[in-house]
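Trainee: Chains as they are written, first to last, in the working numbering: chain P, 1 to 112; chain X, 113 to 606; chain G, 607 to 746.
Have a look at the structure that comes next, please.
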Amino acid sequence: METLITILAGVLVTVAVYLLLSRSIIRIILGSAVLSHAVHLLLMVMGGLKKGSVPLLGEVSDRYTDALPQALILTAIVISFAVTAFLLVLAYRTYQETGSDDLREMRGFTDE
Amino acid sequence: MNNMIVMPMIIPLLTGIILVFFRSYIKVQRVLSFLALVATAGVSVYLLNKIQTDGILRLDFGGWRPPYGILFVADSFSVLLVLTTAIVSAIVLLYAFSSIGFKRENMFFYPFALLLVAGVNGSFLTGDLFNLFVCFEVMLLASYVLITLGGKKVQLVESIKYVAINVLSSWFFLLGIAYLYGTVGTLNMAHLSARVAEVGQGPLLTVISILFLIVFSLKSGLLLYFWLPGSYSAPPTAIAALFGALLTKVGIYAMFRMFTLIFYHEPSITHTMIGVMAALTLIGGSLGAIAYKDIRQIVSYNVIITVGFILVGLAVSTEVGFQGAIFYLVHDMLIKALLFLLAGTMIYLTGKTRIEEMSGLIGNYPLLGWLFFLTTLSLAGIPPLSGFLGKLYIGQGAVEAGSYGLLALAFISGMLVLYSLLRIFMNTFWGETIISEEEEVPLKKSLLLPCVLLGIATIALGIGAESLLVYVEDAAYTLMNPEVYVDAVLGNRK
Amino acid sequence: MKINDVILRTITKLVVFIILTFGVELFLAGHNDPGGGFIGGLVLSSALVLLFLVYDIETVQKGIPVDFKKVAAVGVLFAVGTGLGAVAFGAEFLTQTFEVFHLPVFGDTELATVLLFEVGVALTVVGTVVTIILSISEDV
Numbered sequence: 001m002e003t004l005i006t007i008l009a010g011v012l013v014t015v016a017v018y019l020l021l022s023r024s025i026i027r028i029i030l031g032s033a034v035l036s037h038a039v040h041l042l043l044m045v046m047g048g049l050k051k052g053s054v055p056l057l058g059e060v061s062d063r064y065t066d067a068l069p070q071a072l073i074l075t076a077i078v079i080s081f082a083v084t085a086f087l088l089v090l091a092y093r094t095y096q097e098t099g100s101d102d103l104r105e106m107r108g109f110t111d112e
Numbered sequence: 113m114n115n116m117i118v119m120p121m122i123i124p125l126l127t128g129i130i131l132v133f134f135r136s137y138i139k140v141q142r143v144l145s146f147l148a149l150v151a152t153a154g155v156s157v158y159l160l161n162k163i164q165t166d167g168i169l170r171l172d173f174g175g176w177r178p179p180y181g182i183l184f185v186a187d188s189f190s191v192l193l194v195l196t197t198a199i200v201s202a203i204v205l206l207y208a209f210s211s212i213g214f215k216r217e218n219m220f221f222y223p224f225a226l227l228l229v230a231g232v233n234g235s236f237l238t239g240d241l242f243n244l245f246v247c248f249e250v251m252l253l254a255s256y257v258l259i260t261l262g263g264k265k266v267q268l269v270e271s272i273k274y275v276a277i278n279v280l281s282s283w284f285f286l287l288g289i290a291y292l293y294g295t296v297g298t299l300n301m302a303h304l305s306a307r308v309a310e311v312g313q314g315p316l317l318t319v320i321s322i323l324f325l326i327v328f329s330l331k332s333g334l335l336l337y338f339w340l341p342g343s344y345s346a347p348p349t350a351i352a353a354l355f356g357a358l359l360t361k362v363g364i365y366a367m368f369r370m371f372t373l374i375f376y377h378e379p380s381i382t383h384t385m386i387g388v389m390a391a392l393t394l395i396g397g398s399l400g401a402i403a404y405k406d407i408r409q410i411v412s413y414n415v416i417i418t419v420g421f422i423l424v425g426l427a428v429s430t431e432v433g434f435q436g437a438i439f440y441l442v443h444d445m446l447i448k449a450l451l452f453l454l455a456g457t458m459i460y461l462t463g464k465t466r467i468e469e470m471s472g473l474i475g476n477y478p479l480l481g482w483l484f485f486l487t488t489l490s491l492a493g494i495p496p497l498s499g500f501l502g503k504l505y506i507g508q509g510a511v512e513a514g515s516y517g518l519l520a521l522a523f524i525s526g527m528l529v530l531y532s533l534l535r536i537f538m539n540t541f542w543g544e545t546i547i548s549e550e551e552e553v554p555l556k557k558s559l560l561l562p563c564v565l566l567g568i569a570t571i572a573l574g575i576g577a578e579s580l581l582v583y584v585e586d587a588a589y590t591l592m593n594p595e596v597y598v599d600a601v602l603g604n605r606k
Numbered sequence: 607m608k609i610n611d612v613i614l615r616t617i618t619k620l621v622v623f624i625i626l627t628f629g630v631e632l633f634l635a636g637h638n639d640p641g642g643g644f645i646g647g648l649v650l651s652s653a654l655v656l657l658f659l660v661y662d663i664e665t666v667q668k669g670i671p672v673d674f675k676k677v678a679a680v681g682v683l684f685a686v687g688t689g690l691g692a693v694a695f696g697a698e699f700l701t702q703t704f705e706v707f708h709l710p711v712f713g714d715t716e717l718a719t720v721l722l723f724e725v726g727v728a729l730t731v732v733g734t735v736v737t738i739i740l741s742i743s744e745d746v
């Protein structure tokens, strides 16, 4: 299972890199979102998948799953959510100002 | 337990939040944000002295003992930087009061500036790797907003680059954290240090350490600085000064922590890499600084040179080298803020950005001219000013470690810094005065005051270096002997 | 062009309350089970976003005259405030505690300070999400 998820993370990274290398801002934003999901999966694998019982009070078991990666992933998701939302607003504002979402057209932009 | 440790992060954060409710009361916002930073500075002075008597302090959030909970750790190194951050940002805010404009003040400039300071202080103080990531993100999110605030075209276009590169480096950061957690099973920095020392830093851990090197190089502009000059010259002066003084320094701090506390077992690989990267940064930064004619670009490339210079101190890894690097970090936060403020003031006064378009400003604004000269001397490391001691110690450290190549590069780059700034000085302040008295834009006292304050600070730091030496020595001692830090965190001393 | 969305409008009136209730349920469940302030807050804000989608922004703002930026700020104040509350009692920052009270209707109830912290988280999430949605949707 761990191997499968790792491969999945790898595939996601591939997709994300492809998107990131394009010139359109929207694709770059989508790429960064996919990229962050890949690393969240990786974090989960690194904690070990399903080793024991749910780490909650009242569960009786001799082994518990490591809860830390979940906490890390939740925090990371919140952060990537905020950054993605900000990027979307930024891309929209830039499109309004420059009339373009192509990074090459924006190159060497000075002012006014 | 000492709840004071969390205050340098909580005071700016809380004040920033409260200011959201005072959106239309600009005066209240100004006073409160300034007071908050002064209070932060006061708390850091208190902490700094307490560390000298009680040793390294720690605060376990929620009473969870390390390595289980997250915690803040205050040693001399981090608190020195927190103190400088508070002072510099307070002075930069003074400049912002009269330059940032009502539109930005009304769009939550002060809350975000305080949030930036909270993130920076949190990054300095945290003792947990994941928490470091979170504080970095708090700082970066605030900086994303600050760089776009006002929404001019050039700002928007530059900030897309800035945000994209930081999203990527944050991704590498998480990747490193994931691998590290999978390998040694902890994220508490002291615990990491102990465990890495236990299992030995094998090839796997060295690779992970290089991953972190990439992350922090991107954040601090060590070799991977291609994004920096554009982004730092886009926002208005006060914001650029905050960025130039604070943001790269956090990356440098994180690099020092990682490579003195956790990954210090394979210096022949990691520290050599840092040395090579520092050398290339010095060369590239110097080329940029002398090639451009736009003041903002020259100043931004000066930031890059400094990053290379400070990391020479890490690459040589001797106690004197560390002392020099710490001195130079504190000095550079002050002087880069001053340099950015002066450059911004010159652009504001003349409306031009290129050096050949200005001339003879010293006739119009003598005090500004002499302040710029003072900055130049201080950056070059002329003795009574603050840059001297840092340069001397880093040089001494390089001699002790036998890295003569780095030593030569560091000092040649110092000459080039002097040259690049003197070029600005000669071109803009000397020569024929082209602005007649009628056309002269009056230089507001409120713009000059922060510059004068920072100028006094650099002189005071140079002359009063003796009194700071105690703290710097303690900080360098802790960096040199990671077990002191580990004991303070994992020991049972409450 | 005005589309005929009478079904959506009618269903929304009903569904919004179900979503809101579910949000509160998730929020309270977070004490001992999966759930909590973040998820509860997201569900609550999804109800608000649905309202914004179905009716226009002005109508909803008339019904709920709240500045969501301030909601987020209040949330952070709550969260940081509970942390500082611990400092006031001489405990470590962010220390949480709980006490079992005997309340008239509920019987023996466990009241914890972490609930206040979670209220802060939920408010922050609602405020932030709605602010983001509003700022993207402005002048489209």
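We put the beta carbon where it would ideally sit given N, CA and C, even for glycine.
Keeping to the same chain, check which residues put their C-beta closer than 7 Å to that of residue 722 of chain G; ignore five residues upstream and five downstream.
Mentor: 684 and 688
Trainee: Which stretch, first to last residue, makes up the beta strand (DSSP E) that contains residue 170 of chain X?
Mentor: 169-172
Trainee: Please report the straight-line C-alpha distance between residue 457 of chain X and residue 153 of chain X, rounded to a whole angstrom.
Mentor: 26 Å
Trainee: Please determine, among X:277, X:507, X:397 and X:428, the residue with the shortest C-alpha to C-alpha distance to residue 532 of chain X.
Mentor: X:397
Trainee: Name the residue from X:265, X:262, X:264 and X:236 whose alpha carbon lies nearest to the alpha carbon of residue 251 of chain X.
Mentor: X:236
Trainee: Determine which residues share a DSSP beta bridge with residue 183 of chain X and list them.
Mentor: X:172
Trainee: What are the start and end residues of the alpha helix (DSSP H) that includes residue 406 of chain X?
Mentor: No alpha helix (DSSP H) holds residue 406 of chain X; DSSP gives it neither H nor E.
Trainee: Just to confirm, is the Cβ distance from residue 582 of chain X to residue 164 of chain X under 8 Å?
Mentor: yes
Trainee: Check whether chain X comes within 8 Å of residue 729 of chain G, counting only Cβ atoms and requiring the distance to be less than that.
Mentor: no
Trainee: Can you tell which of X:376, X:274, X:263 and X:282 has its C-alpha closest to the C-alpha of residue 314 of chain X?
Mentor: X:376
Trainee: CB-CB under 6 Å to residue 367 of chain X, same chain, minus the five flanking residues each way: which ones, in chain order?
Mentor: Here the set comprises 328.
Trainee: Given 8 Å as the limit, is there contact between the region 465-484 of chain X and the region 535-551 of chain X, that is, 3 or more CB pairs closer than that?
Mentor: Short answer: they touch.
Trainee: Return the chain-ordered list of same chain residues with a C-beta closer than 6 Å to the C-beta of residue 148 of chain X, the five sequence neighbours on each side being excluded.
Mentor: 123, 124 and 127
Trainee: Since residue 677 of chain G and residue 620 of chain G should fall inside the 8 Å C-beta cutoff, what is the C-beta to C-beta distance between them, to a whole number of angstroms?
Mentor: The Cβ separation is near 25 Å, so there is no contact.
Trainee: Taking just the CA atoms, how far does residue 488 of chain X sit from residue 271 of chain X?
Mentor: 29 Å
Trainee: When we look at the beta-carbon of residue 216 of chain X and count the other beta-carbons within 10 Å, is it buried (16 or more) or exposed?
Mentor: buried
Trainee: Just how far apart, CA to CA, sit residue 112 of chain P and residue 718 of chain G?
Mentor: In this prediction, residue 112 of chain P scores a pLDDT of 41, lower than 50, which makes its location untrustworthy; no coordinate-derived value is stated.
Trainee: Could you tell me how far apart the beta carbons of residue 411 of chain X and residue 455 of chain X are, in whole angstroms, since I believe they sit closer than 8 Å?
Mentor: A Cβ-Cβ distance of about 5 Å is found for the pair residue 411 of chain X and residue 455 of chain X, placing them in contact under the 8 Å criterion.
Trainee: For residue 563 of chain X, which of X:546, X:446 and X:230 has the nearest alpha-carbon?
Mentor: X:446
Trainee: In the structure shown, what three-state DSSP assignment does residue 504 of chain X receive?
Mentor: helix
Trainee: In three-state DSSP terms, what is residue 64 of chain P?
Mentor: strand
Trainee: From the DSSP output, which residues share a beta bridge with residue 512 of chain X?
Mentor: DSSP, once it has assigned bridges, lists no residue as partnering residue 512 of chain X.
Trainee: Alpha carbon to alpha carbon, what distance is there between residue 209 of chain X and residue 359 of chain X?
Mentor: 21 Å
Trainee: Report yes if the C-beta of residue 368 of chain X is less than 7 Å from at least one heavy atom of the ligand HEM; otherwise report no.
Mentor: The model on display carries no ligand, and the ligand HEM is accordingly not part of it.
Trainee: Output, in chain order, the set of chain G residues within a Cβ distance shorter than 7 Å of residue 97 of chain X.
Mentor: Limits of chain X in this structure are 113 at one end and 606 at the other, which puts residue 97 of chain X out of reach.
Trainee: Since residue 667 of chain G meets chain X, which of its residues come closer than 7 Å, beta carbon to beta carbon?
Mentor: Residues of chain X whose Cβ lies closer than 7 Å to the Cβ of residue 667 of chain G do not exist; the shortest such Cβ separation is about 17 Å.
Trainee: Spell out the partners DSSP gives residue 105 of chain P in its beta bridges.
Mentor: None, per the DSSP bridge assignment.
Trainee: Nearest-angstrom Cα distance between residue 494 of chain X and residue 320 of chain X?
Mentor: In this structure, the straight-line span from the alpha carbon of residue 494 of chain X to that of residue 320 of chain X is close to 40 Å.
Trainee: How about residue 213 of chain X: is its C-beta nearer than 8 Å to some C-beta of chain P?
Mentor: no
Trainee: Tell me whether residue 387 of chain X is buried or exposed, calling it buried when 16 or more other Cβ atoms sit within 10 Å of its Cβ.
Mentor: buried
Trainee: Using a Cβ-Cβ cut-off of 8 Å, state whether residue 318 of chain X counts as contacting chain P.
Mentor: no
Trainee: Go to residue 443 of chain X, then tell me how far its beta strand (DSSP E) extends in each direction, as first and last residue.
Mentor: Where residue 443 of chain X is concerned, there is no enclosing beta strand (DSSP E), although the alpha helix (DSSP H) it sits in stretches over 431-462.
Trainee: Could you list which residues in chain P have their beta carbon closer than 9 Å to that of residue 291 of chain X, in chain order?
Mentor: 42 and 46
Trainee: So within the region 707-742 of chain G, which uninterrupted alpha helix (DSSP H) runs reach at least 4 residues, ignoring any that extend past its ends?
Mentor: Taken in chain order, the whole alpha helix (DSSP H) runs of length 4 or more contained in the region 707-742 of chain G number zero.
Trainee: Let me see if you follow: with CB-CB separation under 8 Å, is residue 294 of chain X close to chain P or not?
Mentor: yes
Trainee: Just the C-alpha distance for residue 353 of chain X and residue 439 of chain X, rounded to the nearest angstrom, thanks.
Mentor: 20 Å
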